[in-house]
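Residue numbers (the UniProt record's numbering): 1 to 363.
Working notes for the structure below.
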Amino acid sequence: MLIGIPKETKNQEDRVAITPAGVHQLVSQGHDVVVEQGAGAGSRIPDEEYVEAGARMVSVEEAWGVELVLKVKEPIPSEYGYLRSDLVLFTYLHLAASEELTRALVEAGTTAIAYENVETDDGALPLLAPMSEVAGRMAALVGSHLLLATSGGRGLLVPGIPGVRPAVATVIGAGNAGSNALSQLVGLGADVTVLDLSIDALRRVDDQYGGRVRTVVSSPYEIEKCLLRSDLVIGAVLVPGRKAPKVVPHELVERMMDGSVLVDIAVDQGGCFEDTRATSHDDPTFTVGPATFYCVANMPGAVPVTSTYGLTNATLPFALQLAHSGWQTACQENTALSRGVLVSGGKIQHSAIAAEFPDLPAA
Ligand SMILES: NC(=O)c1ccc[n+]([C@@H]2O[C@H](COP(=O)([O-])OP(=O)(O)OC[C@H]3O[C@@H](n4cnc5c(N)ncnc54)[C@H](O)[C@@H]3O)[C@@H](O)[C@H]2O)c1
1 MLIGIPKETK NQEDRVAITP AGVHQLVSQG HDVVVEQGAG AGSRIPDEEY VEAGARMVSV
61 EEAWGVELVL KVKEPIPSEY GYLRSDLVLF TYLHLAASEE LTRALVEAGT TAIAYENVET
121 DDGALPLLAP MSEVAGRMAA LVGSHLLLAT SGGRGLLVPG IPGVRPAVAT VIGAGNAGSN
181 ALSQLVGLGA DVTVLDLSID ALRRVDDQYG GRVRTVVSSP YEIEKCLLRS DLVIGAVLVP
241 GRKAPKVVPH ELVERMMDGS VLVDIAVDQG GCFEDTRATS HDDPTFTVGP ATFYCVANMP
301 GAVPVTSTYG LTNATLPFAL QLAHSGWQTA CQENTALSRG VLVSGGKIQH SAIAAEFPDL
361 PAA
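Structure, rendered in C-alpha cells:
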C-alpha cells in the first residue's frame with residue numbers, strides 16, 4: 001500500500017505521525033512510504049533519517065495523494081482540499097468539536113478513523129494513553145518547578161534535604177495520567193497522597209508502592225483535608241464521555257497555603273478545578289488567591305520528541321494492520337480499530353457524532 005505522512009500544519013504542533021523505525025517496518029513489509037519534506041523537523045528527525053529507513057521525501061500534494069494518510073492532528077481548512085473518497089485518514093479527529101470538519105469528510109467520502117476512538121473491549125483507549133503518560137509525568141515536573149520562589153511558588157525543593165521535610169503533593173485521579181504523575185513525585189521524594197473513586201485503582205497504587213504513597217477514596221471531605229496541607233495538587237480525573245467533575249471549589253483554593261501550586265491535567269475536558277481556564281505554553285499560569293494554576297490543554301506539545309515516539313509506538317501496529325489488510329478487513333479483524341471509524345462512504349458511522357450533527361447523513 002502507498003502510505004503518506006504530511007507535515008503537521010496546526011499552530012504549535014511539532015509532532016509527526018511516523019518515526020524512521022515505523023517507516024522501516026512498513027517498507028520491510030512491502031509497503032511504499034512517502035513523507036513530506038521537513039515533516040520530522042519539529043521532532044528533531046531529519047529527512048535523511050527517513051530516507052535511510054526507506055521513505056521517499058515528497059511535496060505536500062504527493063504526501064496526501066496516497067491510499068492511507070497517517071497524521072497527528074485533524075485536518076485544518078487549508079487541508080480539506082486533499083480529502084478524497086479513495087483516501088483512508090488515520091489521525092486524532094475530535095469530530096464532535098467541529099461540524100465543519102465532519103461535513104468536509106462526509107462530502108469528500110473519506111474514510112476517517114480517529115485515534116481517540118480506538119477502544120479495546122475492556123474500555124481502554126490505547127492511542128490516548130501515551131499522551132496521558134506524557135501529561136502526567138510532565139505535571140509533576142512542571143509543578144515542582146512552579147514551587148520555586150523564582151517561579152512565584154512557596155520556595156520549596158520538592159525532595160527537601162536531610163532534616164528538612166519534602167513537599168506535600170496530592171494527586172486526584174489514579175488513572176493513566178495520575179499514576180504517571182505519582183511515579184515522578186515518588187521518584188522526586190515528595191510526600192504523596194492519591195485520591196480516586198475506584199478502590200481497584202487505589203489497590204494498584206498500594207501494591208506498587210507498598211505504603212510509600214497514601215491512598216484515599218475521593219470525596220469532597222477528603223479532598224478538603226488533603227488540599228489544606230498540600231504544596232502541590234495535580235488534577236487528573238476523567239469520567240469518560242463527560243465533562244470533568246469540579247472536585248476543587250474556589251472557596252477551598254482561597255484557604256490553601258500561600259504559594260501552593262495546582263496543575264489541572266483534565267483541562268481538556270473542561271477542568272476538574274472550579275477556577276480552571278485553559279492556558280497555552282506561551283502563558284501557562286495564572287493566580288487564584290494564594291495559589292498558582294497551570295492549565296495547559298496540550299501539555300505533550302512541549303515535548304514533541306518524546307510525544308512523537310510515544311504516539312507512534314502505539315499507532316504503528318494499527319497502521320501496519322490497515323496497510324496489510326485494507327481498512328475494511330482490518331476493522332473486521334480488529335474490533336478496537338473498528339470503533340475508531342467515524343466517517344466512511346459519505347456517512348457518519350458513529351452514533352454520538354451523528355447525534356451531534358443531525359443535519360449530516362449518517363449510517
Ligand atoms: N492537558 C493535557 O495535555 C492532557 C494530555 C493527556 C490527557 N489529558 C486528560 O487527562 C485526564 C485524565 O486522563 P487519564 O488518561 O488519566 O484518564 P483515566 O480514565 O485513565 O483516569 C481517570 C481517573 O479519574 C478517576 N476519577 C473519576 N472521578 C473522580 C473523582 N471525583 N475523584 C477522584 N478520581 C476520579 C477515575 O476513577 C480514573 O481512575 C483526561 O481528561 C484527559 O483528556 C490531558
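C-beta: ideal position from N, C-alpha, C; glycine also.
Check: Here's a check: name, in chain order, each residue in its chain whose Cβ is nearer than 7 Å to the Cβ of TYR209, leaving out the five neighbours to either side.; Outcome: VAL186
Check: Look up ALA169 in the DSSP assignment and give the residues it is bridged to.; Outcome: VAL192 and LEU232
Check: Ends of the alpha helix (DSSP H) at GLU133?; Outcome: 129–146
Check: Rounding to the nearest angstrom, what Cα-Cα distance links GLU100 and LYS7 in this structure?; Outcome: 21 Å
Check: If I'm right that GLY109 touches GLY326 with Cβ under 8 Å, what's the distance once you round it to whole angstroms?; Outcome: Actually they do not touch by this definition, with Cβ atoms about 16 Å apart.
Check: Are there any heavy atoms of ligand 2 lying less than 7 Å away from the beta-carbon of SER218, as far as the coordinates show?; Outcome: Summarising the ligand content, the structure contains ligand 1 and does not contain ligand 2.
Check: Looking only at C-alpha atoms, which of PRO159, ALA167, THR111 and ALA129 sits nearest to SER260?; Outcome: ALA167
Check: Quick one: what does DSSP say ASP32 is sitting in, helix, strand or coil?; Outcome: strand
Check: Below 8 Å on the Cβ atoms is my contact criterion, and I expect TYR115 with THR315 to pass it. Report the Cβ-Cβ distance as a whole number of Å.; Outcome: 7 Å
Check: Bridge partners for ILE199 per DSSP, in chain order?; Outcome: Paired residue(s): none; ILE199 is not in a bridge.
Check: Quick one: does the C-beta of GLN269 sit closer than 7 Å to a heavy atom of ligand 1?; Outcome: yes
Check: Can you tell which of GLN37, PRO126, THR193 and PRO249 has its C-alpha closest to the C-alpha of THR276?; Outcome: PRO249
Check: Using only the alpha-carbon positions, how far apart do SER219 and SER179 sit?; Outcome: 19 Å
Check: Give the range of the beta strand (DSSP E) segment to which THR287 is assigned.; Outcome: 285–288
Check: I need the DSSP call for ILE265, collapsed to helix, strand or coil.; Outcome: helix
Check: How is THR215 classed by DSSP in three states: helix, strand or coil?; Outcome: strand
Check: Name the residue from ARG56, GLY38 and MET1 whose alpha carbon lies nearest to the alpha carbon of GLN29.; Outcome: MET1
Check: Indicate whether LEU188 and VAL158 have their beta-carbon atoms separated by less than 8 Å.; Outcome: yes
Check: Hey, VAL194 and VAL213 are a contact pair by Cβ (cut 8 Å); roughly how many whole angstroms apart?; Outcome: 6 Å
Check: Given 7 Å as the limit, tell me if GLU266 has its C-beta closer than that to any heavy atom belonging to ligand 1.; Outcome: According to the sequence provided, residue 266 is Ala. The question's Glu does not apply to it. Checking the Cβ of ALA266 against ligand 1 gives yes.
Check: Taking the alpha-carbon positions, what's the ALA190 to ALA169 distance?; Outcome: 6 Å
Check: Does the Cβ of LYS243 have 16 or more other Cβ atoms within 10 Å, making it buried, or fewer, making it exposed?; Outcome: exposed
Check: Compare the Cα-Cα distances from ALA63 to each of CYS226, GLU52, LYS73 and VAL35 and report the closest residue.; Outcome: VAL35
Check: Which of the three DSSP states is assigned to GLY4 in this structure?; Outcome: strand
Check: Which two residues bound the contiguous beta strand (DSSP E) that contains ARG44?; Outcome: Taken as a continuous stretch (DSSP letters only), ARG44 belongs to no beta strand (DSSP E), as it is neither H nor E.
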